[in-house]
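Protein chains in written order, with my numbering: chain S, 1 to 340; chain Z, 1 to 340. Ideal Cβ positions, reconstructed from N, Cα and C, are used throughout, including at glycine. Working notes, beginning with the structure itself.
Rendered as C-alpha cells:
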C-alpha cells in the first residue's frame, strides 16, 4: 500500500519576515512496504509552529538550532499516529510526538525518535502545548531559571502567546503577582481571563520606559522575556534588587536583517545584583516527565487554562507560522492535518 | 589643637571624561576639641581611587551609588590613622579603613563607621586592594558569581587593572586556565608575570570578534567583565554552553554622554544556556572577613602577587582618578597622603 503525501519544502532562506514564496508544497509517494526493522509509518495529525523555527531558517552555522537545508522538507514538533510498525514498543494506533517530525502527511521514521503519549481524557493537541515543549519551556524557565518567591512580581512579555500565557498562570499558582504585556485589546482581555493580575497593552504605549514604571509600581522581581528589544530595556530600568530575567526568546529580532540593537541598560544588572539567564528547554530534559505529570494535574484540576489556536490543513502551516511574527495568534498555534 | 586640612571639592558634574577643572582643592581648619563622644579624629594616610566613583559624579538619582553633591567634598574608600579618640574601641595610633571617608587630610568621623585593621607584616596599602573592597570584588565576583570549575577557561578584561589582576590569579589557584585582555605591551607583560596563561593586547586588535575567537580556541566558560561594550559582545559569540558572565563594571561606558550601545549578542545567552549576572560587592558583606582571611594567607604564601601603583599627595588624587579612564595605571592605584 502507498500513500500520496503532501509535504512542505524550504525554497529560499527568508530575508526579513518569511513569505509564503519562501516555501513550496509538493507531493511524494510513501510506500508502506519500505518500512524497515525499527521503523514505523506515521500519519501526521497536528503540527506545532513556533517562533524559534525562524532561527532554523537562517543561513548561518548555528548547531543549537539544527538549521534547515534548502530544497528539503521542514520539520518541527509534531503529533502523529502510528499506521504500521516494525518497532518493538510501538503499535498501530499509538499516538506519538517527535521534536523533529517532517511536515509531510505520511512519514517513515525510526521508532526510537518517537515519544508514545499516555492515554487520558485530555485533548491530544495539549501535548503540543501545555503538556509538551511549550509547557516545559514556561515551567522550567519560570521555576528553575526565574525562581519566583511567593509575593514577588513576575512580568512576562508576549503574555497572550503560547509560552507567556502559561508563565503567568504558573506564577499565580506559586503565589506571585502575575503581570503580562500583550498587543491589542482582545489579547489583553484574554490574558486577564487567565487570572493574570493585570496586562499592559503595548500598542497603546508611547514611552515604554514610563509605561513599565507605572505598570509595575513595586518593581519587577522576575521578568520572563519572550520579545527582547525596547521592552527588555524598559524592564531593566525597573528591576528590583536581586531580580532574575529568564531569557526565553526574542521574537522582535528573529526577522532582523542587520544585527539587533540589544539591551542597553545592562549596567542595571550590576547596580541591582540581577541576572539575565538564557536557556534552551532541552537543558531540563531529564525532568520533563515530572513536569508533564504536574501540569497534567493542574489541567485536570482546572488550575491552568488551555488555549489552542487551531488551524486546519497542510496549506495552513506556512501562513500560521508567518502569523506568529505579526501577532496574529492568541494562545498556542497548532495546525490540524488529519482527524484523530 | 587644630589642623589645617586640605580637601577636594566637586565643582561641576563632569561631562564626558572628568577634567581637573571639575574639582577644586581648598583648606579648612579641623579642631581637635570638636571631637564629640563616639567620634574620632583621623589623619588620612591613603586614598583609593576607583572607576565606579565616576558613577557617583553623575547628576542622576542612583541610590546604589550614593551620588556626590556639588560644592561638597568627595569621599571614597580610604585608610587613615586615629589621632585622638572618643570612641570606646578605637585608640590613638589605630589604623582604620572606611568605605566612605572624605578626601581631606584630617577628619572627625563616627567611630562606628571605621574598620580597625589587624596588625600583621603586610603593607597597609594592601587593605585598599587585595585585602579590601577590590580584593573582595575579585573574590566574590569570580567565585560566587562566576563559579569556575577546575579546567575551565576564565577570561577577564582590564586584566592589568586592580580587580582583573586578582581575578586571573584566583582563577589559577582554582585550577582554571586564566586568560586576560589588557591594553599595551607593558600591561600584557605585567599580566603574564602574574601567572595568567596568556594575555591579549586589545590595542593590536582590528576585529575583536575574530581576535577573541582565536585567543580562546576552546571557548569561554567564565568571562569576568570589567569593560562592557565591544569586548563583551565579542565574548558572547564565543561562550561555551552554561557559561557564566559576572558583570563587575563597564569602564568603557562610564563617561558616555549618551546612552551606551549595550551588548547586542544576548541571544547567545539563550542558545548557550548562559547567564550574565551583575553584582555589587556589598551583597557579600557578611563574608568579607572570611575572604580577607583567605587572601591574607595567599599573600603570605606568595600565591597572590600584589601590585600597588602608588602616587603621592592630595594634588595627585584627581589626576590619578582621571588616569583610570585612560588606562594610565597598572595594578591598583592608591594615593599616599601622609607617611605611616
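- When DSSP states are grouped into helix, strand and coil, residue 3 of chain S belongs to the strand group.
- Taking each of S:82, S:168, S:268 in turn and checking the Cα distance to residue 115 of chain S, the smallest one comes out for S:82.
- Contact annotation: the segment 253-270 of chain Z touches the segment 247-262 of chain S, with at least three C-beta pairs closer than 8 Å.
- Sorting Z:139, Z:192, Z:148 by C-alpha distance to the C-alpha of residue 160 of chain Z places Z:192 at the top.
- Residue 57 of chain S does not reach chain Z, its nearest Cβ partner there being about 15 Å away, counting only Cβ pairs nearer than 7 Å.
- Neighbourhood of residue 253 of chain S in chain Z, by CB distance below 9 Å: 267, in chain order.
- Judged by DSSP in its simplified three-state form, residue 268 of chain S adopts helix.
- Contact between the segment 281-296 of chain Z and the segment 146-159 of chain Z is absent: fewer than three C-beta pairs spanning the two stretches fall below 8 Å.
- When 8 Å is used as the limit between beta carbons, residue 278 of chain Z is near these residues of chain S: 266, 267, 268, 269, 270, 271, 272, 273, 274, 275, in chain order.
- Counting along the chain, no alpha helix (DSSP H) covers residue 153 of chain S; the unbroken beta strand (DSSP E) around it starts and ends at 153-156.
- The criterion of a C-beta distance shorter than 9 Å is satisfied by residue 77 of chain S and residue 133 of chain S.
- The beta carbon of residue 89 of chain S lies closer than 8 Å to those of 111, 116 in the same chain, with the five residues before and after it left out.
- Under the Cβ criterion (8 Å, minimum of three pairs), the segment 284-298 of chain S does not count as touching the segment 205-220 of chain S.
- In the displayed model, residue 54 of chain Z falls within a helix according to three-state DSSP.
- The beta carbon of residue 255 of chain Z sits closer than 8 Å to those of 14, 16, 17, 18, 54, 325, all from its chain and outside the five residues before and after it, given in chain order.
- In chain order, 267 make up the part of chain S whose C-beta sits under 7 Å from the C-beta of residue 250 of chain Z.
- A distance below 7 Å between beta-carbons, with the five flanking residues on each side excluded, links residue 27 of chain Z to the following residues of its chain, in chain order: 4, 5, 6.
- Using a Cβ-Cβ cut-off of 7 Å, residue 259 of chain Z is close to 264 of chain S, given in chain order.
- Within the DSSP secondary-structure output, residue 246 of chain S pairs in a beta bridge with S:277.
- Among the residues of chain S, those whose CB is under 8 Å from the CB of residue 283 of chain Z are 273, following chain order.
- Under the Cβ criterion of 9 Å, residue 209 of chain Z is not counted among the residues facing chain S.
- Within the segment 162-215 of chain Z, the complete beta strand (DSSP E) segments of 3 residues or longer fall at 177-182, 198-201, listed in chain order.
- The alpha-carbon of residue 43 of chain Z is positioned some 28 Å away from that of residue 328 of chain Z.
- For residue 220 of chain Z, the enclosing beta strand (DSSP E) covers residues 220-224.
- Within the DSSP secondary-structure output, residue 333 of chain S pairs in a beta bridge with S:309.
- For residue 247 of chain Z, the neighbours in chain S by C-beta distance under 7 Å run, in chain order, 266, 269, 270.
- The three-state reading of DSSP puts residue 37 of chain Z in coil, since its state is none of H, G, I, E or B.
- For residue 37 of chain S, the closest C-alpha among the options S:109, S:158, S:59, S:94 is that of S:109.
- Rounded to the nearest whole angstrom, the CA to CA distance from residue 143 of chain S to residue 242 of chain S is 16 Å.
- DSSP places residue 47 of chain Z in the strand class (E or B) of the three-state scheme.
- When DSSP states are grouped into helix, strand and coil, residue 116 of chain S belongs to the strand group.
- Annotated as distal: residue 181 of chain S and residue 304 of chain S, with beta-carbon spacing of 9 Å or more.
- Taking residue 12 of chain S as the centre and dropping the five residues before and after it, the same chain places the C-beta of 21, 22, 70 closer than 8 Å to its C-beta, in chain order.
- Judged by DSSP in its simplified three-state form, residue 286 of chain S adopts helix.
- Counting other Cβ atoms within 10 Å of its Cβ, residue 59 of chain S stays below 16 and is therefore classed as exposed.
- Any Cβ of chain Z closer than 9 Å to the Cβ of residue 339 of chain S would place that residue at the interface, and such an atom is absent.
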